[in-house]
Amino acid sequence: MTHAHSLAAEDITLAYGDRIVVEGLDLAIAPGKITVIVGANGCGKSTLLRALARLIPPQKGRVMLDGASLQHQPSKEIARTLGLLPQRPVAPEGIAVADLVGRGRHPHQRMLARWSPRDYEAVADALAATGIADLADRSVDELSGGQQQRVWIAMALAQETDILLLDEPTTFLDVAHQIEVLDLLTDLNRDRGTTIVMVLHDLNLAARYADELVAVRDGSVHAIGGPDEVITEVLVKEVFGLDSRVIGDPLTGKPLVLPSGRHHVL
Amino acid sequence: MSTETLIAGRRARVRRRSLLTGGLAVAVLVAFLTSLMVGNTFYGLDKVIRVILGETVPGASFTVGDLRLPRASLGLVTGLCFGVAGVTFQTMLRNPLASPDIIGISSGASAAAVIGLIVFSLSETAVSLLALLAALLTAGAIYLLANRRGFAGTRLILIGIGVAAMLDSLVSYVLSRAASWDLQMAMQWLTGSLNGATWSGVMPVAIACVVLVPVLLLHERHLGVLRMGDDSAASLGVRVQRTRIVLIVGAVALLAFATAASGPIAFVAFMAGPIAARIVGPGASLTLPSGLIGALLVLVADLVGQFAFDNRYPVGVITGVLGAPYLVYLLIRSNRTGSSI
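Going down the list, the protein sequences come from chains A and B. Sequential numbering from 0 applies to the first sequence in numbering that gives the first Met the number 0. Sequential numbering from 0 applies to the second sequence in numbering that gives the first Met the number 0.
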């Protein structure tokens with residue numbers, strides 16, 4: 000789309016009250032790439048993502064967007080560069096798809112301004128890109144889970160940010176819809192150069208779709224790099240405490256994790 | 000997807016909402032004029048309008064100008080205040096039960112007003128200010144108590160109901176100690192009434208309305224985004240805490256001024272939002288429609304209370320009779336679906 004923006008955490012410590020979740024973490028997000036954050040439950044990966052989106056102010060350190068601390072930039076201006084799709088957004092009851100997607104235009108609108116031609120264009124583009132144009136006038140409550148997730152992604156697209164953060168965008172979706180959403184995000188990355196950072200639970204999908212993988216353990220970055228470097232049997236054991244075999248995925252050539260488990264292994 | 004169909008769809012929704020809101024405004028106007036015309040003596044629309052325009056009409060000038068007009072105006076503005084305040088809370092907390100008259104804020108205003116009137120014999124303006132202060136303090140206390148572990152809706156509602164019960168018993172206590180000649184006036188503080196409305200009572204509420212309703216309307220866009228959750232709102236550039244404080248203070252002030260003037264007219268703040276949502280559609284902006292519904296409820300309920308029965312009943316009795324079953328209905332329904340407004 001435009002020139003790449005830079006996003007980086009510098010020695011950040013994050014806590015909820017007294018409970019420290021992330022401590023002294025450094026992470027530079029690769030511009031124009033898809034970065035996937037993986038880790039065990041409760042390791043602090045969602046917290047890290049929320050800090051990158053300025054939703055949690057760091058107790059120590061800072062998150063830098065284009066060389067300036069997020070805490071010192073107006074929230075509305077940040078919202079034109081950096082978007083976040085939270086894990087469980089709430090759709091107002093009865094709202095039409097186009098109106099919800101239009102909420103993504105909020106940081107581009109002024110107090111009493113009505114939708115500008117630019118707003119309509121962005122919403123139409125977002126609806127088209129997510130394949131839900133024919134649902135525009137439907138009520139969001141009537142849609143299936145997969146369609147609703149596409150509506151939320153469309154809202155994030157309508158925001159037209161060069162960086163998009165997503166917290167487990169595939170949760171609650173069946174396997175076909177998971178692939179659909181991840182393909183859509185890949186299109187977005189390739190066509191518009193949008194920098195994408197997301198938290199994913201499924202290691203194999205992470206390995207397949209990530210340019211850069213960040214493995215988080217106990218609130219710090221345990222490993223970072225391409226999927227081939229990061230996904231190893233040793234790392235899976237260290238990060239998830241899981242015995243596994245890692246083989247080459249015959250479809251993609253990316254690493255494929257086969258968990259051992261206690262049963263059924265020959 | 001062509002932009003034209005998108006524009007057409009959105010325009011159609013906006014037009015439908017504007018028409019329905021306009022219809023509500025007309026209904027409020029009709030109710031307002033009706034309450035000026037109807038009474039022991041009936042005056043035609045022409046006379047009523049001449050009185051409003053300041054002409055002297057023999058007979059009508061006193062009855063309509065000095066008795067009915069302040070009463071109808073008080074009903075109009077307090078209803079508007081209750082409706083706008085109620086829907087702001089309900090939308091912000093994503094729960095129709097989170098209306099300020101359920102979660103104790105009205106009770107805070109009533110308690111202060113009763114104490115101001117009966118214990119300290121304060122003037123109307125002083126009572127308004129005292130009610131405002133108490134309502135803000137009550138809201139602040141509930142907010143702090145509920146905010147300790149996140150801003151959780153259900154927790155806040157339960158705490159608010161507890162606070163309401165305490166404050167209501169304080170009102171009952173003060174009333175039980177009141178001299179009998181104060182009781183008549185103080186009964187207003189149990190049910191809400193437009194009896195004995197005067198211009199000096201109407202003015203504080205009217206000014207609050209003129210100042211604060213536009214503020215809340217200007218923040219409605221943010222309120223709409225806040226409905227999607229704090230994280231969504233913050234990532235869309237809304238300053239969540241600041242917006243929430245503006246909305247709370249604005250809504251609480253409206254409620255307090257209205258309560259000081261007419262008493263806590265039962266359930267109007269609570270009913271207006273959901274009724275408006277049913278009429279103009281729940282996805283829409285509801286602040287103005289709810290204000291209109293609030294005004295309509297109060298004006299019509301007052302007419303019914305005055306003229307539909309052999310006895311005259313204060314407006315709060317009528318809205319209470321309507322509202323209580325509705326509360327039960329909402330509780331049953333929200334148990335089943337976990338509904339939002």
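The C-beta atom is built at its ideal place from N, Cα and C for all residues, glycine as well.
Which residue's Cα is closest to the Cα of Ser17(B): Leu285(B), Gly322(B) and Phe308(B)?
Selected option, being the one with the closest Cα: Leu285(B).
Query raised in the report: Trp151(A): buried (16+ other C-beta within 10 angstroms of its C-beta) or exposed?
Result: Trp151(A) should be labelled buried.
inquiry  = Counting only C-beta atoms, is Ser289(B) closer than 8 angstroms to chain A at any point?
reply    = Output row for Ser289(B): interface = no.
- Item | Under 7 angstroms from the C-beta of Tyr119(A): neighbouring residues of chain B | Chain B residues near Tyr119(A): Thr2, Leu5 and Ile6.
Please confirm whether Leu211(B) and Phe269(B) have their CB atoms less than 8 angstroms apart. No; because the gap between Cβ atoms is not below 8 angstroms, this pair is not in contact.
- Query: At a cut of 8 angstroms, does the segment 66-82 of chain A reach the segment 35-45 of chain A through at least three beta carbon pairs?
  - Reply: Taking a cut-off of 8 angstroms for Cβ pairs, the segment 66-82 of chain A and the segment 35-45 of chain A do not touch, as fewer than three such pairs fall below it.
- Task: Pick out the complete alpha helix (DSSP H) segments inside the segment 77-145 of chain B, 4 residues or longer, and give them in chain order.
- Result: Qualifying alpha helix (DSSP H) stretches, in chain order: 104-113 and 123-145.
- Query: Is the Cβ of Met91(B) closer than 8 angstroms to any Cβ of chain A?
  - Reply: Residue-level contact by beta carbon fails for Met91(B) and chain A, as no gap is shorter than 8 angstroms.
Would you list the residues sitting across from Val256(A) in a DSSP beta bridge? Residue pairing by DSSP puts Val256(A) in a beta bridge opposite Val245(A).
Rounded straight-line distance, which links the Cα of Gln147(A) to that of Ala108(B): One C-alpha to the other measures close to 42 angstroms.
Please go through the same chain and pick out, in chain order, the residues whose beta-carbon is closer than 6 angstroms to the beta-carbon of Ile55(A), but skip the five residues on each side of it. The answer, listed in chain order, is Leu13 and Arg49.
- Message: Check whether chain B comes within 8 angstroms of Ile28(A), counting only Cβ atoms and requiring the distance to be less than that.
- Response: For Ile28(A), not one C-beta of chain B is nearer than 8 angstroms to its own C-beta.
What are the residues in the segment 57-75 of chain A lying within 9 angstroms of chain B by C-beta distance?
Residues Pro73, Ser74 and Lys75.
Item to complete: Return helix, strand or coil for Ser17(B), following the three-state DSSP convention.
Response: Under the three-state reduction of DSSP output, Ser17(B) falls in the helix class.
Handout entry: Through-space distance from Ile117(B) to Ser339(B), alpha-carbon basis
Key = Because Ser339(B) carries a pLDDT of 48, less than 50, the predicted location of this residue cannot be relied on, and the following value inherits that uncertainty. Just so you know, the alpha carbons of Ser339(B) and Ile117(B) end up roughly 40 angstroms apart.
Tell me where the beta strand (DSSP E) around Val251(B) begins and ends. Boundaries for Val251(B): no beta strand (DSSP E) harbours it, while the alpha helix (DSSP H) harbouring it runs Val239 to Ser261, taken from the DSSP string.
- [ ] Identify the continuous beta strand (DSSP E) that holds Tyr15(A) and give its terminal residues.
- [x] Taken as a continuous stretch (DSSP letters only), the beta strand (DSSP E) holding Tyr15(A) covers Leu6 to Tyr15.
(message) Tell me the rounded alpha-carbon separation between Arg61(A) and Ile77(A).
(response) If I take the Cα positions, the gap works out to 15 angstroms.
| query | Listing by chain order, which chain A residues have their CB less than 9 angstroms from the CB of Arg15(B)? | reply | Chain A residues near Arg15(B): none, gap ~11 angstroms exceeds 9 angstroms.
Using 8 angstroms as the threshold, is the segment 176-192 of chain A in touch with the segment 161-168 of chain A, meaning 3 or more CB pairs across them?
-> As far as the Cβ criterion goes, the segment 176-192 of chain A touches the segment 161-168 of chain A, which means the pair count is three or higher.
Report task. State the Cα-Cα distance for the pair Gly337(B) and Leu330(B), rounded to the nearest angstrom. Result -> Low per-residue confidence applies at Gly337(B): pLDDT is 45, beneath 50, and the placement is therefore not dependable, though the value from the model is reported in the following sentence. The alpha-carbon atoms of Gly337(B) and Leu330(B) are separated by roughly 9 angstroms.
Task: Distance, Leu199(A) Cα to Ala205(A) Cα - done: Cα to Cα, the separation comes out at about 6 angstroms.
At 7 angstroms on the CB atoms, spell out the chain B contacts of Gly225(A), in chain order.
Residues of chain B with a Cβ closer than 7 angstroms to the Cβ of Gly225(A) do not exist, since the nearest Cβ in that chain sits about 28 angstroms away.
**Message:** Need the endpoints of the beta strand (DSSP E) that Arg61(A) sits in, please.
**Reply:** Where Arg61(A) is concerned, the enclosing beta strand (DSSP E) stretches over Lys59 to Leu64.
Taking 8 angstroms as the cut-off, decide whether the C-beta atoms of Lys44(A) and Glu211(A) are in contact.
Result no, Cβ atoms of Lys44(A) and Glu211(A) do not sit closer than 8 angstroms.
_Burial state of Val100(A) (16 or more Cβ within 10 Å)_ = Buried, by the Cβ-count rule.
Is it buried or exposed for Ala257(B), if we count other Cβ within 10 angstroms and need 16 for buried? So Ala257(B) counts as buried.
Under the DSSP definition of a beta bridge, which residues are partnered with Ile36(A)? For Ile36(A), which the question treats as bridged, DSSP gives the partners Val198(A) and Val213(A).
* Helix, strand or coil for Leu142(A), going by three-state DSSP, please let me know. => Annotated three-state conformation of Leu142(A) is coil, per DSSP.
Quiz item: Counting only beta-carbon atoms, is Ala78(A) nearer than 8 angstroms to chain B?
Solution: Answer yes: the Cβ-Cβ gap between Ala78(A) and chain B drops below 8 angstroms somewhere.
Q.
Going by the DSSP bridge assignment, what does Val21(A) pair with across the sheet?
A. Looking at the DSSP assignment, Val21(A) forms a beta bridge with Leu13(A).
Exercise. If you measure from the beta carbon of Met0(A) to each beta carbon in chain B, is any gap under 8 angstroms?
Worked result: For Met0(A), the predicted structure reports a pLDDT of 45, less than 50, and the residue's modelled location is therefore unreliable. A value from the coordinates is still provided. Judged by the 8 angstroms Cβ criterion, Met0(A) is not in contact with chain B.
Report task. Would you kindly report the start and end of the unbroken beta strand (DSSP E) that includes Ala207(B)? Result -> No beta strand (DSSP E) holds Ala207(B); the alpha helix (DSSP H) holding it covers Trp198 to Leu217.
Exercise for the section: Kindly identify the DSSP beta-bridge partner or partners of Asp166(A). Expected result: In the DSSP assignment, Asp166(A) forms a beta bridge with Val198(A).
Pull out every residue of the segment 130-155 of chain B whose Cβ sits closer than 7 angstroms to any Cβ of chain A, in chain order. Taking 7 angstroms as the cut-off between beta carbons, none of the residues of the segment 130-155 of chain B comes near chain A.
query = When burial is assigned at 16 or more other CB atoms within 10 Å of the CB, is Arg14(B) buried or exposed?
reply = Per the 10 Å Cβ criterion, exposed.
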